[in-house]
Amino acid sequence: MARTHGLNGTPVLVAGAGLAGLAAARSLEARGAAVTIVDARDRVGGRVWTVRDGFAARQHAEAGADLIEEDQDHVRTLARDLGLRPVRILRRGFGYYGPDARGRRRVHGRPAAFASLAARLHREIEEFTLAEERWDGAVAARLARRSVGEWLDEVDAPTALRAAVRAFRGFFLADPEDLSILPVVEQFACGGMPGRSAMLRIPGGNDRLATLAAARLHAPVRLMTIVRRLTQDASGVRAIVESDGRTAEIRASFAVSALPASTARDVIFDPPLPDAQHDAIATLPYGRATRLLVQFDRRFWRGRARPIAYATDLDIGAIWDGNEQQRGRAGILSFLAGGRASAGLQALMRGGGSDAVARQLAWLGTPPRVLTSRVIVWDDDPWVRGGYAYFGPAFDPLGRAWLARPAGRIVFAGEHTSVRWQGYMNGAVESGLRAAAEVAALAGSAG
46 MARTHGLNGT PVLVAGAGLA GLAAARSLEA RGAAVTIVDA RDRVGGRVWT VRDGFAARQH
106 AEAGADLIEE DQDHVRTLAR DLGLRPVRIL RRGFGYYGPD ARGRRRVHGR PAAFASLAAR
166 LHREIEEFTL AEERWDGAVA ARLARRSVGE WLDEVDAPTA LRAAVRAFRG FFLADPEDLS
226 ILPVVEQFAC GGMPGRSAML RIPGGNDRLA TLAAARLHAP VRLMTIVRRL TQDASGVRAI
286 VESDGRTAEI RASFAVSALP ASTARDVIFD PPLPDAQHDA IATLPYGRAT RLLVQFDRRF
346 WRGRARPIAY ATDLDIGAIW DGNEQQRGRA GILSFLAGGR ASAGLQALMR GGGSDAVARQ
406 LAWLGTPPRV LTSRVIVWDD DPWVRGGYAY FGPAFDPLGR AWLARPAGRI VFAGEHTSVR
466 WQGYMNGAVE SGLRAAAEVA ALAGSAG
């Protein structure tokens with residue numbers, strides 16, 4: 046990363062050592078800032094977490110963020126700068142398992158139901174595009190108040206379409222009843238169907254993005270350090286942090302909050318944030334998400350000319366080959382149960398374990414012996430309390446801009462603040478770079 050030295054030793058605190066915070070810290074150091082970065086966890090990376098323990102043949106898989114899309118330039122640039130070369134995966138994209146127009150459950154390559162969804166949303170997509178895809182206008186306000194479930198009722202959607210839309214909870218982490226139609230319209234207006242771009246993964250584990258980035262900072266990340274309070278005045282920012290039951294003070298000229306909104310709302314800001322910003326952070330929901338990694342003694346899901354990744358409307362959620370880039374007969378099938386499916390998958394595991402899950406995969410082939418499995422419930426993680434942010438009908442669309450708006454000497458980063466790449470690793474990295482640029486701009490204005 047090119048060094049500009051524009052901040053000339055200016056002390057900056059970064060709260061959060063996920064990809065957003067690490068990207069901000071790297072960019073700030075490149076600009077000459079003296080960065081202190083803290084994180085409540087005992088590791089860096091946040092929701093980018095590679096599980097390596099317990100799998101046979103030294104295999105590994107992602108417990109959190111997994112898929113990098115080909116056009117996600119910010120995370121790919123970070124990988125390149127760290128000497129990492131992402132590898133292509135899931136070359137046939139995502140298929141879908143669910144009912145067809147006759148109600149028969151089967152495997153679909155490019156299901157007609159998804160094309161039907163875009164066609165039925167044509168008017169909404171056209172109007173949103175005419176409104177320049179803005180969230181602060183009348184078109185967005187009207188769309189935001191309607192849930193996807195309400196819209197399905199309004200258009201008298203057939204069973205096949207309803208099932209296909211429910212399968213989107215593996216992408217949005219929210220069921221049709223809980224998700225606003227606005228982000229669905231935005232998805233089709235901006236990027237089309239999810240899962241259609243070429244996909245990549247970091248060899249050796251996606252968390253290498255975080256561990257290598259952290260290792261190259263001038264000072265080590267202060268782990269197991271919780272930000273409790275951020276006080277600011279004309280001279281700078283004072284943070285009260287807690288570590289091992291003891292409190293301490295960190296002083297800086299500026300601060301970057303790279304915390305999820307779900308935990309940033311626990312921080313006391315003094316003076317308080319503007320009401321609109323406080324409300325946006327306080328009311329932004331996070332999708333329920335359970336990840337399941339099941340290692341089988343062979344990759345039974347592979348077949349000629351068919352995908353190795355599927356969306357489903359079942360409680361098992363979306364599934365895909367979790368380690369196709371690794372050698373060996375054994376393979377790991379990765380599950381993401383979002384929204385209400387999160388509790389459903391947990392119940393299935395409690396009732397019968399991974400064997401019960403395997404029995405729901407007969408449509409993929411005959412499941413072989415399960416070697417081991419690992420369940421990760423992001424809903425129960427105290428430092429995020431969900432998978433990633435989503436937008437429900439109760440969220441005021443005007444609040445979206447407030448999520449990323451600076452408040453005095455404090456700027457905000459995180460996937461939830463990204464407009465184009467919300468929910469992605471790319472959005473986290475992009476937001477961190479933006480936050481660093483904002484600190485530099487604020488410092489220039491102050492000077």
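Under my numbering, the first residue of the sequence shown is numbered 46, with each subsequent residue one higher. Where is the CB? At the ideal position from N, CA and C, for every residue including glycine.
### Of the listed residues 176, 269, 308, nearest to residue 230 (C-alpha basis)
Looking at the Cα atoms, 176 is the closest of the given residues.
### Query
Leaving out five residues before and five after residue 370 in sequence, what residues of the same chain have Cβ atoms less than 7 Å from its Cβ?
Cβ-Cβ distances below 7 Å link residue 370 to 132, 134, 246, 248 in the same chain, with the five nearest sequence neighbours on each side left out; the list follows chain order.
### Task
Report all residues from its chain with a CB closer than 6 Å to the CB of residue 157; omit the five preceding and five following residues, and keep chain order.
Answer for residue 157: no residue qualifies.
### Task
Could you pull out every residue in the same chain whose Cβ sits closer than 6 Å to the Cβ of residue 226, ignoring the five residues on either side in sequence?
Cβ neighbours of residue 226 beyond the five flanking positions: 188, 191, 193, 196.
### Task
Identify whether residue 187 lies in helix, strand or coil by the three-state DSSP scheme.
Looking at residue 187 - three-state DSSP - the assignment turns out to be helix.
### Complete alpha helix (DSSP H) runs within the segment 313 to 339 (minimum length 4 residues, chain order)
Correct list: 320 to 328.
### Query
Going by DSSP, which residues form a beta bridge with residue 90?
DSSP, once it has assigned bridges, lists 63 as partnering residue 90.
### Query
Anyone know if the C-beta pair for residue 472 and residue 460 falls short of 9 Å?
Yes; because the gap between Cβ atoms is below 9 Å, this pair is in contact.
### Message
If you reduce the DSSP assignment to three classes, tell me which class residue 277 lands in.
### Response
Residue state for residue 277 is assigned as strand, using DSSP reduced to three classes.
### Query
Name the DSSP beta bridge partners of residue 402, please?
Paired residues: none, contrary to the question.
### Task
List the whole-angstrom C-beta distance separating residue 145 from residue 269, where the pair is believed to meet the contact cut-off of C-beta under 8 Å.
51 Å between Cβ atoms; not a contact.
### Task
Could you tell me which residues DSSP puts in a beta bridge with residue 341?
In DSSP, residue 341 forms a bridge with 376, 415.
### Query
Hey, is the segment 206 to 218 in contact with the segment 356 to 366, meaning 3+ C-beta pairs nearer than 8 Å?
Enough Cβ pairs lie closer than 8 Å, so yes.
### Query
Is residue 467 closer than 9 Å to residue 420 when the C-beta atoms are compared?
No; because the gap between Cβ atoms is not below 9 Å, this pair is not in contact.
### Query
Do you know whose CA, among 304, 59, 413, 65, lies nearest residue 428's CA?
Of 304, 59, 413, 65, the residue nearest in Cα terms is 304.
### Sequence-distant residues of its chain with Cβ nearer than 6 Å to residue 267 (five each side left out)
The answer, listed in chain order, is 83.
### Message
Here's a check: name, in chain order, each residue in its chain whose Cβ is nearer than 8 Å to the Cβ of residue 414, leaving out the five neighbours to either side.
### Response
If we look at residue 414 and ignore the five residues flanking it on each side, its Cβ neighbours are 341, 342.
### Message
Closest to residue 345 by C-alpha separation, out of 57, 407, 327, would be which residue?
### Response
Nearest in C-alpha terms to residue 345, of all of 57, 407, 327, is 407.
### Query
Can you tell me the Cα-Cα spacing of residue 331 and residue 404, whole angstroms?
Roughly 30 Å separates the two Cα atoms.
### Query
Applying the criterion that 16 or more other CB atoms from any shown protein chain within 10 Å of the CB defines a buried residue, is residue 463 buried or exposed?
Buried is the call here.
#### Entry: 3 or more residues per run - each beta strand (DSSP E) lying fully within the segment 201 to 286
DSSP runs (the beta strand (DSSP E)) wholly in the segment 201 to 286: 244 to 246, 271 to 278.
### Task
Would you mind giving the Cβ-Cβ distance between residue 262 and residue 70, rounded to the nearest angstrom? I have them listed as a contact below 8 Å.
At roughly 6 Å, the Cβ-Cβ gap stays under 8 Å, so residue 262 and residue 70 are in contact.
### Query
Going by other Cβ atoms of all chains shown within 10 Å of its Cβ, with 16 needed for buried, is residue 115 buried or exposed?
Looking at its Cβ environment, which holds fewer than 16 other Cβ atoms inside 10 Å, residue 115 is exposed.
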